[in-house]
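Novice: Please read through the structure below; I'll follow up with questions.
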Amino acid sequence: MIRFIVAGLCSVLLLLAAADAHCLNAPTRAPNSMVVSANDTASIIGDQVMVDGGNAMDAAIATAFALAVTHPTAGNIGGGGFLLYQPAEADPIAYDFRETAPTGSHPEMWLEEGEYSFQRHHMSHMAVGVPGTVAGLHMAWQEHGSLPWKRLVEPAIKLAADGFVVTDGLASSLQRALRRMQKYPASMAQFSKTGAPYEAGDLLVQADLAASLQRIADDGPAGFYQGKTAELLVAEMQRGGGLITMADLAGYQAKKREPVQGNYRGYQILSMPPPSSGGVALIEMLNILEGFEVADSGFGSALTMHLMAESMRRAYSDRAKFMGDPDFNDLPIDQLVSKSYADELRGSINPEKASVSSSESFDWPTESEETTHFSIVDKDRNAVSLTYTLEWGYGSAIVVPGGGFLLNNEMGDFNAGPGLTNSSGLIGTPANLAEPGKRMLSSMSPTIVTRDGEVFMVTGTPGGRTIINTVMQTVLNVIDHDMNAQAAVDSGRIHHQWLPDKLIYEKGAFSPDTLKLLELKGHLLEARDRQGAAEVIVVNAEEGLLEAGVDRRVPDGGARGH
Ligand code: DON
């Protein structure tokens, strides 16, 4: 009853104030443009850029820099990521600003006296890859931005210099992170009050970060990859035994790539190609599912969940076998995204019974769940889908002294070492071993769905290995289950990644009867509290509105439009 009263109130509210209502499953709606991100302050900044006449790309640059200040767990200038752009009137393009391995890297760099060292792989200065974010954002802006670069960096400078009010979400996130920062005085100085955790309501000022951002505003990528900022970064590498040199920084190049493309029930799917495994696996799963009547079996039914899990199992197995940096490997992408290959895989799925993942091969290591995604559409229906990361929350937890920005620990996404594949979670297959200049394999999957050449949906999420499955489920929720953007984000999620051979589901999101049926089909089930933080926009062409879904699984998100 209460639900219906609230829903009724929501409809009234939505009529009165289109752009900023958050009701049960009600999307945020606006006619012209929309930004949805994991941090409302950053969304406001992106929205203001479009109010001031900027396009989706301008808004993306400003939002990304703002997140580097207000959402330090994943927003960054010291990490890397991917930006997918679908202009209203031209072909889509993917910008790859993934970190690269420094020149001193080699496949056995994670061994210490012959033994694999998790500490070295994930928690040392050697785990820091050459950052790509500044180069990637600048390249994308140069090609598609319309407002001056400085105008787009400025709001972030102001937030860092003047400070912003710490939210509940940031306070508890920082409190958890402080333990890892203890070793690094510059990190403690920036993210604690001389050792005491920030509390909600405090002002967080980041003066060194403001100065680094100012150099980027003044000099573009040269203000980061050369000169003072680069020198500060390299000094910290030398202090802590890291590998990045001035030459590595000066040599970093963002790359343009052709998005990986598929189609699903008449919609075009555009997503990130390698070095992300995301787009290929996403299209492989959708191709398999296209041959099943997913709309008829319905959201949350045991059959639909089983068919999704079996598609995931197969795509993640291929991901493990084949994926790596395309500039270092020959990858069978065309085959993996072909309809005929999907037909073959579909033929191996028994609707009644779970398959078994072969445990002779290998397991995946654990992967952290801290990254961030935002989606933007502007008044001309240009769209940006951007996911970027420091890898773990707060990356390596190392703030560059004097530079005020966190360094990634993305080198942890490389495989452990040649032949090191074992059942406890290490992988040693060659495609993704560390080599100088190589990009480590990613799951980040910024995705755009178009229909008849027009943007229909923009989606993406953090969540490590779960990213690809979460994105897939947002697409299915909208296309097959006819959900609006908010419902598509709110709905419960599942995850299967081939190995370990278990079906993970969000606690409380599915009925016990359904879970029982899945067990009867042979799935080993495991509950988790939450999966991902998708930020989604759907274009409601009939009503001429953009509808956004903000993921409430994480605090602080916001959709802003006008
Ligand atoms: O690139 C990747 O796939 C990972 N480094 C991303 C890490 C991640 O998503 C953690 N997330 N929430």
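Each residue of the sequence shown is one higher than the one before, counting from 61 in the numbering used here.
All residues carry an ideal CB built from backbone N, CA and C; glycine is no exception.
None of these values were measured; they are calculated from a predicted model.
#1: Let me make sure I understand the geometry here. Which of H181, T254 and R612 has the alpha-carbon closest to that of F474?
#2: Cutting at 7 Å between CB atoms, please list the residues of its own chain near G462, excluding the five before and the five after it.
#3: Under the rule that 16 or more other beta-carbon atoms within 10 Å means buried, what is H166, buried or exposed?
#4: Hey, which unbroken runs of the alpha helix (DSSP H) at 4 residues or more fall wholly within the region 381 to 423?
#5: Determine the DSSP secondary structure at H556, reduced to helix, strand or coil.
#6: With DSSP as the reference, label I458 as helix, strand or coil.
#7: Going by DSSP, what residue range makes up the beta strand (DSSP E) through E680?
#8: Counting only the same chain and skipping the five closest in sequence on each side, list residues whose C-beta sits under 8 Å from that of D228.
#9: Keeping to the same chain, check which residues put their C-beta closer than 6 Å to that of W558; ignore five residues upstream and five downstream.
#10: Within this structure, are the beta carbons of G455 and G139 separated by less than 9 Å?
#11: Use the C-beta contact count for D573: other C-beta atoms within 10 angstroms, 16 or more gives buried, fewer gives exposed.
#12: Could you please give the first and the last residue of the uninterrupted alpha helix (DSSP H) stretch that includes G196?
#13: For a test of the three-state rule: what should DSSP assign to A608, helix, strand or coil?
#14: Where do the ends of the alpha helix (DSSP H) carrying Y285 lie?
#15: In the structure shown, what three-state DSSP assignment does I104 receive?
#16: Would you list the residues sitting across from D440 in a DSSP beta bridge?
#17: Tell me, which residues are paired with N623 by DSSP?
#18: Is there at least one non-hydrogen atom of the ligand DON closer than 8 Å to the beta-carbon of R240?
#19: Quick check: N544 and E602, are their CB atoms within less than 9 Å of each other?
#20: Say the cut is 8 Å; is the CB of S336 nearer than that to a heavy atom of the ligand DON?
#21: Going by C-alpha distance, which of A369, L346 and T526 is nearest A402?
#22: In the DSSP assignment, what residue or residues form a beta bridge with A90?
#23: Does DSSP classify R590 as helix, strand or coil?
#24: Tell me whether P386 counts as near the ligand DON, meaning its Cβ is closer than 8 Å to at least one heavy atom of that ligand.
#25: Which of the three DSSP states, helix, strand or coil, is assigned to H433?
#26: Alpha helix (DSSP H) containing Q517: first to last residue?
Specialist: Short version:
#1: Nearest C-alpha to F474: H181.
#2: Cβ neighbours of G462 beyond the five flanking positions: D268 and L292.
#3: exposed
#4: 393 to 396 and 399 to 407
#5: coil
#6: coil
#7: In this structure the chain extends from 61 to 622, so residue 680 is not present and cannot be described.
#8: A260 and P615
#9: Cβ within range, chain order: R373, Y376, S377 and S417.
#10: Yes, the pair counts as a contact, with Cβ atoms nearer than the cut-off.
#11: exposed
#12: Note, G196: alpha helix (DSSP H), T193 to H204.
#13: strand
#14: A282 to Y285
#15: helix
#16: BP columns for D440 are empty, so no partner.
#17: The structure shown does not extend to residue 623, since the chain spans only 61 to 622, so no value can be given for it.
#18: no
#19: Not closer than 9 Å, so no.
#20: yes
#21: L346
#22: L606
#23: coil
#24: no
#25: strand
#26: It should be pointed out that residue 517 corresponds to Met in this sequence rather than to Gln. It is not in any alpha helix (DSSP H) - M517 instead sits in the beta strand (DSSP E) that spans E514 to T519.
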